[in-house]
Every structure is written in structure tokens, then in C-alpha cells.
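Undergrad: Take this structure first; my questions come after.
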Amino acid sequence: MRELSLHILDIVQNSIAAEADLIRLNIVEDYEADKLVVEIIDDGTGMKEEDKEQVLDPFVTSRTTREVGLGLPLFKEAAEQCAGNFSLDSTLGEGTELKAVFQHSHIDRAPLGDIVGTIISFLVSNPDIDLVYHHQVDDEEFNFDTREVKDRLGDVKINSPDIIAWLKDYLTEGLRQIRR
Numbered sequence: 001m002r003e004l005s006l007h008i009l010d011i012v013q014n015s016i017a018a019e020a021d022l023i024r025l026n027i028v029e030d031y032e033a034d035k036l037v038v039e040i041i042d043d044g045t046g047m048k049e050e051d052k053e054q055v056l057d058p059f060v061t062s063r064t065t066r067e068v069g070l071g072l073p074l075f076k077e078a079a080e081q082c083a084g085n086f087s088l089d090s091t092l093g094e095g096t097e098l099k100a101v102f103q104h105s106h107i108d109r110a111p112l113g114d115i116v117g118t119i120i121s122f123l124v125s126n127p128d129i130d131l132v133y134h135h136q137v138d139d140e141e142f143n144f145d146t147r148e149v150k151d152r153l154g155d156v157k158i159n160s161p162d163i164i165a166w167l168k169d170y171l172t173e174g175l176r177q178i179r180r
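Quick note on UniProt numbering: the sequence shown kicks off at 1 and runs consecutively.
Next up, the structure:
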């Protein structure tokens, strides 16, 4: 995939399919250590021990619409090709945690891409699933939690057009602030 945000969207879709109620997305860009870390944690159904190895095989998928599952294997390969690593931990009935570490400056590392668009796509399609997003660039941090937003909105849906427009601006500005 051309952007890491597309990998993230694919993996978040896996969390949704696993019936997650809460998804945590942590992104850390550490220029001094030359690392980019992407971590996705969900409280979905989790996986059996034997399934953890199978999901990293591109020729195994649980989807009925196609015979291969490339999302996790491609993400793992992308990290490893950029002097990084990949880990997957999952417990049946508790959820899944994956972590991809990239050498930030590696010439083959795909750009992070449109992370705001990825989050907005998630919110529009999944208003009942909560997302906690943490993004750190060196010592600067930005945090976003849909539970806090929903609390303030009361009866207004988080995916209503006016709220989505405001959230897009809010996320864009938050990321701009930490990238100064």
C-alpha cells in the first residue's frame, strides 16, 4: 500500500469484524531515535493461538469474498523491509494488539498518509465503536477520544455532517500543532 494510513484502516476493519467496542491507535514519531511506531489495540474477540500465525500468511483469510488476506502480511513486511519489526499478540475473548516499528528515515518507508481521513472514514461508518487516538511527534502529543466527544454531544450523533466537518478540522489542527 502506498500509505501507512491505508494499512491502519485495513487493520481497524479487522478490529470491527472482531466485534471490538474500543480501538486504540497509537502513533509515535521519534526523530531522535529514528523510529515510527504504529500500535493498534482492540477489545474484540481475539484469536486462538494457532490463528495468530495463520493471519500472517497471505494465503489464509476468514473473508468469503476473496481467497487471500494481504492486510497483516503486507504491513508486517513493510515494517521489516524498513529495518523495523512487527508483533502481534492476541488473547481469545480479550482482544488483539499489534505493533509495527519502522526506521523513520528509511528510504522505502511509505509515508504515514492521510491519517485524518482514515479516522474520519472510521467515524462516519462506525459511530457506535469508540476510538482513542494518540499521536506523538518527539515530545509533542495529541490525544483524541470519541468517548469524550460523545459525552459532550449528548443526543447528537458523532457522524452527523456538521460534527464530522468540525472533527476533521480539529484533528487536522491537532496534528499541525505537534508537527511544528
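The beta-carbon is built from N, C-alpha and C at its ideal position, and this holds for glycine as well.
Is it the case that the region 97-104 contacts the region 123-130, given that we only count it when at least three CB pairs across the two stretches are under 8 angstroms?
TA: Contact between the region 123-130 and the region 97-104 is absent, because fewer than three Cβ pairs lie under 8 angstroms.
Undergrad: Using the C-alpha atoms, what's the distance from HIS106 back to GLU80?
TA: Taking the first residue of the sequence shown as position 1, residue 80 is located at position 80. Taking the first residue of the sequence shown as position 1, residue 106 is located at position 106. In a straight line, the C-alpha of GLU80 is about 11 angstroms away from that of HIS106.
Undergrad: Please state the DSSP three-state secondary structure of GLU67.
TA: Residue mapping note: residue 67 aligns to position 67 of the sequence shown, counting from 1. Residue placement at GLU67 is flagged as unreliable, the pLDDT there being 36, under the threshold of 50; a coordinate-derived value is accordingly withheld.
Undergrad: Tell me which residue opens and which closes the beta strand (DSSP E) that LEU56 is part of.
TA: On the sequence shown, residue 56 is found 56 positions in, with the first residue counted as 1. First-last for LEU56: undefined, no H or E at that position.
Undergrad: With a threshold of 6 angstroms on Cβ separation, who are the neighbours of THR55 within its own chain once the five nearest residues in sequence on each side are excluded?
TA: For the purposes of this step, residue 55 is taken as the residue at position 55 of the sequence shown. For the sequence presented, residue 55 should be read as Val rather than Thr. Answer for VAL55: LEU72, listed in chain order.
Undergrad: Output the distance between the C-alpha atoms of ILE115 and LYS48, rounded to the nearest integer angstrom.
TA: Position 115 of the sequence shown holds residue 115. Position 48 of the sequence shown holds residue 48. Computed Cα separation, rounded: 30 angstroms.
Undergrad: To the nearest angstrom, how far is it from the Cα of ARG180 to the Cα of TYR170?
TA: One-based indexing of the sequence shown puts residue 180 at position 180. One-based indexing of the sequence shown puts residue 170 at position 170. So the two alpha carbons sit approximately 16 angstroms from each other.
Undergrad: Are there three or more Cβ pairs, one per stretch, closer than 8 angstroms when the region 25-44 is compared with the region 145-164?
TA: Touching, no, given that fewer than three Cβ pairs across the two stretches are closer than 8 angstroms.
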